[in-house]
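The sequence shown begins at 856 in our numbering and counts up by one.
These notes are about the structure you will find just below.
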Amino acid sequence: MANEAKTSIIFRELLREAKYYDDVDTIVEEQKSDNAKIDKLMKNASKRGNRNGFPDFIIYSKKYPELIIVVEAKADINRHISDTMDNYADYAVDGALLYSSFLSKEFDVLAIGVSGEDTDKFRISHYLQLKGEKASHPIFDDKILSIEEYFDGIQQSNYKFNQDYAKLIAYTKTLNETLHAKKIKESQRALLISGILIALKDRAFKDGYKKHEKVEQLVKSLYTSIDGQLSTGEIPQKKVDALTQAFAFIKTNPTLTDKKDGKKFLEDLIDEIDREINGFMVTHKYVDTVSQFYVEFLRYANNDKGLGIVLTPPHITDLFVELAGVDKNSIVLDNCCGTGGFLISAMKRMLIDAKGDKEKEKSIKSNQLIGIEFQDDIYTLLISNMIIHRDGRTNIYWGDCFREIKDIKQKFKPTVGLLNPPYKTKASDIEEFEFILNNLDALTPGGTCIAIIPISCVIEKSIIAENLRKRVLEKHTLEAVLSMPEELFHNSKVNTVTCAVIITAHKPHPKGKKTWFAYCRDDGFIKVKNKGRIDANHTWDEIRERWVTAYRNREIINKFSLMQEVTEKDEWCVEAYLETDYDQFSFEDYEDTVKKFLMFNLMNMSGFIGVGEENEDEDL
């Protein structure tokens, strides 16, 4: 006869091996809790509906007050988990998830189901339910880890990242409204935020900013700390002076210097930024957070400053870094750097690959990340972003990529190019492919360039467009073109359909070679009010892996990917070659497509391809 007591004995031994009972900060409780908050949440958590149920084990730590571990045990391994996962009384995982659903109102919960009476046939399953969320997700393997390992694993999980990133996006909107109400200019908002983040890297400022008695002292301390952080590293003094000047408005802004309310407002703002943004960056390193604020603030500016500027979402920069095969030895160039999203993603992957080698990490930060940015305001944000991430600012150029590229080519010999060039908004603007060719020119032979550009660049039939595509094929190899999700840049003033081109540098496209084309329109991200476009259903990891694997193996997948020989005169997009199943489409789909086509033609004739309208439901 099954004996659940044996299951509990085995589990206790596993806890002992993981040092749970040796840690004075960790509490292990069985079938009850002395924690008043936990006890209150569990009042109605009964597996049979009699209002007085409790899991077999509850584990929590004073070091990690936001995390609760609940464990439900069953002797019979056949009672480990049901098909429906809602047979709470009879299955281990099901029961653990029931208790998790109650505790997740106030905590992140790790629900563990264990079963078996024999250590050789002992089953363990972990499910994570984050605070405030209804869904639970499988996580970890079938071993009991230390509570520190559980906490770190949860913090670094994509589930936690998605939740925290959604909160960050929501906060950008709230913060924009606050700064708008305080009459701080759109052009100064992102600088103010990045300046505060820079100052918070200064321990003296972080510890002492609340101690100033007068607003003048606080403002001076903030500016001085920014100046000090900018002056560290290997940035030429001329650039330091220009960067420092960009933050000079802090000393004179009427809101920040107001003798009545300025001190409280600025203190509260620093507190918020430290908690909401710095806290995010401590947990989730190497994410381009500055760009989110810049895009959000610029959306509502009553000028054309934001036209043509598209800052790539972090999941796409990470994807491109993976597709390019970036490793610790890569030398990465972004000649249209923006706020540094591609470089930050590349740095993250390179440092992971370095595996703690301090000398290699130093080399990566000092010698293997190269960026160019033309616009002075974005350059300031770019440098700020790299400082905030504590590295990678040494080889950031402020200037024209078409002038700087020769020096970069000779000095660094880049092996990987990643870019999202400025998008044309009028006929006189530089063609997007010119920036790609500029990047390719700097790469070593066999290097990989990946760029995201408007789909018009690869399908347009004009002489200019065809000549640009011809120049690519004459000197380089077109490896792949991926049709990208349609709303990647929904929160910018440029809202256009895009594609990603993958090109091998300095190897002319062989005659007869087939290029891999893929329909990567669905990344699983959806628009959620006040949160932007997010991975709400946690499907991106699976989708990304599928895309990367398919590209590496050049897989031909029905209705997704194919191999096709193309010339400069052909359309470089998968839609031109995929067979269409017309039975799937309604008359409404037809109407919508015709409308989009007519609008495309109208904008093309007007010279404004790529310029979109704002979503009304997201306006201030």
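Positions of the beta carbon are idealized from the N, C-alpha and C atoms, including for glycine.
query: Where DSSP assigns a beta bridge to residue 1189, which residues make up the other side?; result: 1226
query: Between which two residues does the alpha helix (DSSP H) containing residue 1075 stretch?; result: 1070-1086
query: Could you check which residue in 1099, 1192, 1177, 966 has the C-alpha nearest to that of residue 1290?; result: 1192
query: Start and end of the alpha helix (DSSP H) containing residue 1170?; result: 1169-1178
query: Any chance the segment 1000-1011 sits against the segment 1062-1075, with 3 or more Cβ pairs inside 8 Å?; result: no
query: In this structure, how does DSSP classify residue 992 when only helix, strand and coil are distinguished?; result: strand
query: Out of curiosity, what's the CA-to-CA distance linking residue 1061 and residue 921?; result: 24 Å
query: Can you tell which of 1426, 1133, 1340, 1400 has its C-alpha closest to the C-alpha of residue 1370?; result: 1426
query: Which term fits residue 1252, buried or exposed, when burial requires 16 or more other beta carbons within 10 angstroms of its beta carbon?; result: buried
query: Can you tell me whether residue 1326 is helix, strand or coil according to DSSP?; result: helix
query: The alpha helix (DSSP H) with residue 934 in it runs from where to where?; result: Per DSSP, residue 934 belongs to no alpha helix (DSSP H) and is neither H nor E.
query: Report the residue from 1168, 1111, 1030 whose alpha carbon sits nearest the alpha carbon of residue 1128.; result: 1030
query: On the premise that residue 1432 lies in contact with residue 1419, defined as a C-beta separation below 8 Å, what is that separation, rounded to the nearest angstrom?; result: 5 Å
query: Looking at residue 1047: is its Cβ nearer than 8 Å to the Cβ of residue 961?; result: no
query: How many whole angstroms separate the CB atoms of residue 1073 and residue 1064, which I take to be in contact at a CB cut-off of 8 Å?; result: 6 Å
query: Could you work out which residue in 985, 969, 864 is closest to residue 996 when comparing CA atoms only?; result: 969
query: Skipping 5 residues on each side, what residues in its chain have a beta carbon closer than 7 Å to that of residue 1083?; result: 1057
query: Kindly list the residues whose CB is nearer than 6 Å to the CB of residue 1357, restricted to its own chain and excluding five residues on each side of it in sequence; keep chain order.; result: 1305, 1334, 1335
query: Using three-state DSSP, classify residue 1338 as helix, strand or coil.; result: strand
query: Which runs of the beta strand (DSSP E) spanning at least 3 residues fall entirely within the segment 1267-1298, listed in chain order?; result: 1271-1274
query: Just list the beta strand (DSSP E) runs in the segment 866-924, keeping only unbroken ones of 3 residues or longer that don't cross its boundaries, in chain order.; result: 881-884, 912-916
query: Let me know if residue 993 comes out buried or exposed under the rule of 16 or more other beta-carbons within 10 Å of its beta-carbon.; result: exposed
query: Roughly how many whole angstroms lie between the Cα atoms of residue 1120 and residue 1044?; result: 14 Å
query: Could you give the distance in angstroms between the alpha-carbon of residue 977 and the alpha-carbon of residue 1429?; result: 49 Å
query: Span of the alpha helix (DSSP H) holding residue 1402?; result: 1395-1407
query: Note down, in chain order, each residue of its chain lying with its Cβ closer than 6 Å to the Cβ of residue 857, except the 5 sequence neighbours on either side.; result: 930, 931
query: From the DSSP output, which residues share a beta bridge with residue 1372?; result: 1336, 1417
query: Roughly how many angstroms lie between the CA atoms of residue 859 and residue 943, to the nearest whole one?; result: 16 Å
query: Please report how far the alpha carbon of residue 1366 lies from the alpha carbon of residue 1000, in whole angstroms.; result: 55 Å
query: Taking 8 Å as the cut-off, decide whether the C-beta atoms of residue 1359 and residue 1332 are in contact.; result: yes
query: Hey, how far is the Cα of residue 872 from the Cα of residue 1004?; result: 14 Å
query: Does the segment 1294-1305 come into contact with the segment 1180-1190, if we say contact requires no fewer than three beta-carbon pairs (one atom in each stretch) closer than 8 Å?; result: yes
query: What residue ranges within the segment 1119-1158 form continuous alpha helix (DSSP H) runs of no fewer than 4 residues, ordered along the chain?; result: 1134-1138, 1144-1153
query: Give the C-beta separation of residue 912 and residue 885 to the nearest angstrom, bearing in mind that I take them to be a contact with Cβ-Cβ under 8 Å.; result: 6 Å
query: Within the same chain, show all residues whose beta-carbon is closer than 7 Å to that of residue 1233, passing over the 5 residues directly before and after it, in chain order.; result: 1193, 1194
query: Does the Cβ of residue 862 have 16 or more other Cβ atoms within 10 Å, making it buried, or fewer, making it exposed?; result: buried
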